[in-house]
Amino acid sequence: MTLIGWVQIGFLLAIVLASIKPLGLYMAKVFSGEKTVLAPVLGPLESAIYKLSGINRDKEQGWLAYTLAMLAFSVAGFVVLYAIMRLQAWLPVNPQGFAAVPSDLAFNTSASFVTNTNWQNYSGEAVMSNFTQMAGLAVQNFLSAATGMALAIAVTRAFVRSKAETVGNFWVDTTRATLYVLLPLSIVVAIAFIFLGLPQTMDGSVTATTLEGAKQVITLGPVASQEAIKQLGTNGGGFFNANAAHPFENPNAIANYINIFAMLSISAAMVYMFGQMTGNRKQGWVLISAIAVLLIAGIGITYWAETAGNPILTSLGLDPSMGNMEGKEVRFGQAMSTLYTAVTTGLSDGGVNSMIGSYTGIGGLVPMFLIHLGEVLPGGVGSGLYGLIVFAVLSVFVAGLMVGRTPEFLGKKIESREMKFAMLAVLILPLVILGFSAVSAMLPVAVAQIGTPGPHGLSEILYAYTSAAGNNGSAMAGLSGNTVWYNTTLGISMLIGRFGYVVPVMAIAGSLAAKQKIPSSKGTFPTDTPLFAGLLIGIILILGGLQFFPSLALGPIVEHFAMTAGQTF
Amino acid sequence: MSNKTTSPALLDPSIVFPAIKDAFIKLDPRQLIRNPVIFVTEVVAAFVSAIFIRDLIAGGGEAVFSGQIAAWLWFTVLFATFAEAVAEGRGRAQAESLKKTKSELVARRLKDGREEKIAATLLKLGDIVIVEAGELIPGDGEVIEGIASVNESAITGESAPVIRESGGDRSAVTGGTQVLSDWIKVKITVQPGSSFVDRMIALIEGAERQKTPNEIALSILLSGLTIVFLIVVVSTWGLAGYSGTLVSATVLAALLVTLIPTTIGGLLSAIGIAGMDRLLRFNVVATSGRAVEAAGDVDTLLLDKTGTITFGNRMASEFLPVPGVDAHELAEAALLASLGDDTPEGRSIVALANGTYGVATPDIKPDLVVPFAAETRLSGCDIGTRRLRKGAVDSVRNFTGLTEAECPPAFRQAVDKVARSGGTPLAVASGNKLLGVIHLKDIVKPGIKERFAELRAMGIRTVMVTGDNPVTAAAIASEAGVDDFLAEAKPEDKLAYIREQQRGGRLVAMCGDGTNDAPALAQADVGVAMQTGTQAAREAANMVDLDSSPTKLIEIVEIGKQLLMTRGALTTFSIANDVAKYFAIIPALFVVTYPQLAALNIMALGSPKSAILSAVIFNALIIIALIPLALKGVSYRPAGAATLLRRNLLIYGLGGLVLPFAGIKIIDLAVVFLHLV
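Residue numbers (my numbering), protein chains in the order written: chain A, 1 to 569; chain B, 1001 to 1677.
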């Protein structure tokens, strides 16, 4: 670790911190239905959308109607995306002339993009036509992100309202999230990317003649625009297989900086927005500080583990001063690679600018564990916020009794109905991750796809299901995921990880919205204090740790101790 | 506390031995399924027992290990059922004495004008019985004829007899209490088996015990965690299989039981019963567990002024002489004039003169004593030419023959001053001369102001309810330090106030005794009826205070809070414990396959088997160790939520994290020393 590395990390986090309040306030306005600075431009467009699609913007929905609308919207998105991929050979803008995407891969990819996971069992440049990229994948990049935001808004409203039957209108929330937040920011970021040299063209590729006289086909496409929403929507699905390690996706240090900033900013600001909308900004900051502590710890440990390097390589005579540079881009270095990795996994983004599979044991454990913690640091756009609220509700419930009152969070009593659905949501991650991992670990068809045998192979399997169920999308490359088994089970994992989680969460929202808001007093469990931040950190760590410690012990922890003992597998 | 029954020693043999027997009876899976965590433990214990038998038949050394694990798993279940049995036993002991008085009762039932003797248990709703002096009242009911003094000490512990008469607010009688004088006709108002005492016994014995809302929510959390750990343990078998480790079923069973929250799961119902029991020791009977929980959540306390905040009677607090009369002279006149006044107010004047003013009661026999009477509203005496009178201002002025205008200005000012401060002025005169004014006031109970400050720190508002006018009410309210008051309050005002508070999302507790309090008692989230109150009030309330002490409300709230805190503390403790258990078991599980994982054995436990056995033993013993805490409740001091949270998180959160590391290590040393594995 170097001072300059920490300065780079610190400076980026400082910029994000500075953006939280203005962006959070802006989003609070957007989702409270207030007029914003962009209203003169986008207002007519918004009205036109409602008119065309027959949406009554004043008619609100109960939690169930809201959830059903979201599910219907996602199913429709899934079907359209699947159809585009299967039919891309006959569709326009296919300069490379790609054939139809195979059915299992199309299923996996549709699930992946609809759930905001962006797990990619394919190389974009070798399988997906530009039409599929733009009309299919990029559209879902927007819509799945907007869906997540809408859900988080509905959950937020449950705490704002008292004795309410409705939680908002899904169609309006999704439209406003897209129009007022994602679209304008994407345009700004895309233009910045174009300036930094990312390609933005409809051409499929150029052919260059190398110095040796060989012909090289260089894939091009609408990369800059794709890249902007990939990060802003915490999607993470790259245009190219190499993702943000590819020079066309992430050419230099500044582009890398914008990448990380873009993925962090909205999710972090949404937490502030939660505080603002519930009338307790301090609550927002307390949640943000809990996130920050865990995320910075994750960044620090990864950075430390990677710069400490691999003693085995050192003993072979490699210069240890750079640390473990295997799988990392020299133009980013240790600090910016590990920062990207920790943020992308804490965030449910899943884009990568270095190969996590090449990380050391601990360096690979941290990103996996950050996903295990439930993708709340600060998580995907929207999904991070509602995941965090579930943890806050659990923390309040476990420890809240200790102040001698039945637990309440922000004036809402947490009772058996909320606990029932919270536990249902909590069950989803271990059930999917551990269930599929254990089956895959025993199934010859699945084990055969492992890149490296031994504990690292187990890490690869574990990481794949972790990433899928957590809707992250990053991969510990090595595992060949493009098989029927993995395409199917990972697709199912993503769907359950998203919808199996969000339906109970929405049920909680509906139940809380209907409750009376209780005024707080000195006897109320304080949730806007540093102590609560500490408690929340403890609950997140202990819950995550307890669920995944045995599996991590068999994978990355063994790898780590083996490495320090000079043993390889 | 007026009448707190002494609580039996925690390990009273008369409770412990029957509890051991009950603990085994409670192993019945049909009963145990109500407690999912312990039920799972029992299933796993049975499973490991089967493995033990298999190992025994197969031979080899494995049976020693699986046998011990099985035994400790059974102990875990037994300790949990024992905890519940002990809690029930303690409550039952309390109820038993009440039950005894009831079973032997004989009733004299009036039927078609004739009297017949039947067992009290055969009485039906609406039967009319006659009870004479010396007899026990056979069942709960209403006096329809006659008047009698009744000894209710069997229920209240208060030895002073109370008057019970037909009509009005004093018509309710309780089965098992004794008529001391006269006779009464009682109409039985409850079905056999649902009398007050029956309900109380049922609640304690657990037959009718239902889980309270928070208990249900907590059970869901615990069941959820149990399922999570089931997934973890089963998947560990698969993941270990990939790594070439065949984890034995015994070890997986041990892992599962140590991870699931057996500590809180085993103690949950004991905590609830102990909470009811604690209330009972304060002579308060809750008719539902839900009410005890709600007591912890109360934000507003409605307290009657009289008897709760102030002593029941007004008392003399000061003598205000008119110019030309010194205080000593006034005090002496007031004293002499009050010798004929036997009311508490009269006695308080004597006491004030004797005490603060140092005037001894003179040893003279007045020529004429005028006793206090409600019609004249004054009392006094004639000693020679001195004709001393004290009483209501108007009455005394009339006695002196002065018109209002003729009264000295200083006298009128003193009267005004007393009235403005919320007190009652009494005038003192000698012949036709006004000597001064006595300040009678409600005396706020000592210590009550501090009590209210504590409640405020806990976030609870106190509201004083009084029939006084707003001026008087405001004066007492500020002196007592309540947050709000309801002056000239009629029962419907109480009801309206409670509704308004509840609309704002607050939970309200109140106590009352009259029939006209019943609607408010029913509306309040925690309604405490006085045992001396009417049947209607007692039906409407969800708690009955056997001592009829309105101050109890404060203790009830504290007991509710303590109950919830105990639950929260043990839940946190239980979950925090798991960290250490992982560090004991995980290296033990996998160290054969991956010797590197020995690095995780930070407790340096003897061997994989000793580590696993130690974790299981710790897991079982911690339940026994925490039974006293579950029964007594965590120590409670009134404080704000932030302070409580900090303190309890430190003790039960951090403590729960650290303690098992030490505990498991010590047990492991013993296991290794004794060569148990």
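Just so it is clear, CB atoms sit at the ideal spot from N, CA and C, and this is done for glycine as well.
Computed from a predicted structure; not experimentally measured.
- Within the same chain, Cβ atoms closer than 6 Å to the Cβ of B/P1470 are found at A1487, the five residues on either side in sequence being excluded.
- For A/L431, the chain B residues whose C-beta falls within less than 7 Å of its own C-beta are I1231, listed in chain order.
- Residue-level contact check: B/V1228 touches chain A, since one or more beta carbons of chain A fall below 8 Å from its beta carbon.
- By a beta-carbon distance limit of 8 Å, A/F391 contacts A/I540. Their separation comes to about 5 Å.
- Contact between the stretch 204–215 of chain A and the stretch 55–67 of chain A is not established, with fewer than three Cβ pairs separated by less than 8 Å.
- A/M1 sits in coil when the DSSP states are folded into three classes, being neither helix nor strand.
- In the structure shown, the three-state DSSP call for B/N1516 is helix.
- Our two residues, B/N1035 and B/G1568, have alpha carbons roughly 17 Å apart in a direct line.
- The alpha-carbon of B/F1372 is positioned some 8 Å away from that of B/S1338.
- Residue contact check for A/S53 against chain B: no CB pair falls below 8 Å.
- For B/V1369, same chain residues with a beta-carbon under 6 Å away, outside a window of 5 residues either side, are G1340 and C1381 in chain order.
- Separation of B/T1400 and B/R1389 (C-alpha to C-alpha, rounded to the nearest whole angstrom) is 9 Å.
- If you ignore the 5 residues before and after A/T345, its C-beta comes within less than 7 Å of the C-beta of P367, L370, I371, N472 and S474, all in its own chain and listed in chain order.
- Within the stretch 170–256 of chain A, the alpha helix (DSSP H) runs of at least 4 residues that lie entirely inside it are, in chain order, 170–176, 183–195 and 223–232.
- Within chain A, no C-beta atom comes less than 7 Å from the C-beta of B/D1483; the nearest is roughly 11 Å away.
- Where B/P1344 is concerned, the enclosing alpha helix (DSSP H) starts and stops at P1344 to N1354.
- The three-state reading of DSSP puts B/N1398 in helix, counting H, G and I together.
- Contact with chain A is found for B/S1235, since one of that chain's Cβ atoms lies less than 8 Å from the residue's Cβ.
- Excluding five sequence positions before and after A/A513, the CB atoms of its chain that fall closer than 6 Å to its own CB belong to A158, R161, A164 and V167, given in chain order.
- B/Q1191 sits exposed, since fewer than 16 C-beta atoms from the chains shown fall within 10 Å of its C-beta.
- From the beta-carbon of A/R405, the residues of chain B found nearer than 8 Å are G1296, D1297, K1561, L1564 and A1641.
- The shortest C-alpha to C-alpha distance from A/L23 to any of A/S225, A/L179, A/P44 and A/L185 is the one to A/L185.
- For B/Y1242, the closest Cβ of chain A is nearer than 8 Å.
- Contact of B/D1578 with chain A by beta-carbon distance below 7 Å involves L546.
- Going by DSSP, A/S32 is part of no beta strand (DSSP E) at all; its letter is neither H nor E.
- Any Cβ of chain A closer than 8 Å to the Cβ of B/M1543 would place that residue at the interface, and such an atom is absent.
- In the DSSP assignment, B/A1392 falls within the beta strand (DSSP E) that extends over R1386 to A1392.
- Beta-bridge partners of B/A1620 (DSSP): none assigned.
- Taking a beta-carbon distance threshold of 8 Å, A/S551 counts as an interface residue toward chain B.
- Counting only residues of its own chain and dropping the five nearest sequence neighbours on each side, B/D1493 has a CB closer than 7 Å to the CB of L1486.
- Of the candidates B/R1503, B/A1475 and B/A1509, the residue whose Cα lies closest to the Cα of B/R1461 is B/A1509.
- According to the DSSP assignment, B/M1543 belongs to the beta strand (DSSP E) that extends over M1543 to D1545.
- For A/S53, no pairing in a beta bridge is given by DSSP.
- At a cut-off of 8 Å between beta carbons, B/L1221 contacts chain A.
- It is roughly 39 Å from the alpha-carbon of B/T1566 to the alpha-carbon of A/S467.
- Minimum Cα-Cα distance from B/A1529 among the listed residues B/A1522, B/A1520, B/G1512 and B/Q1535 corresponds to B/G1512.
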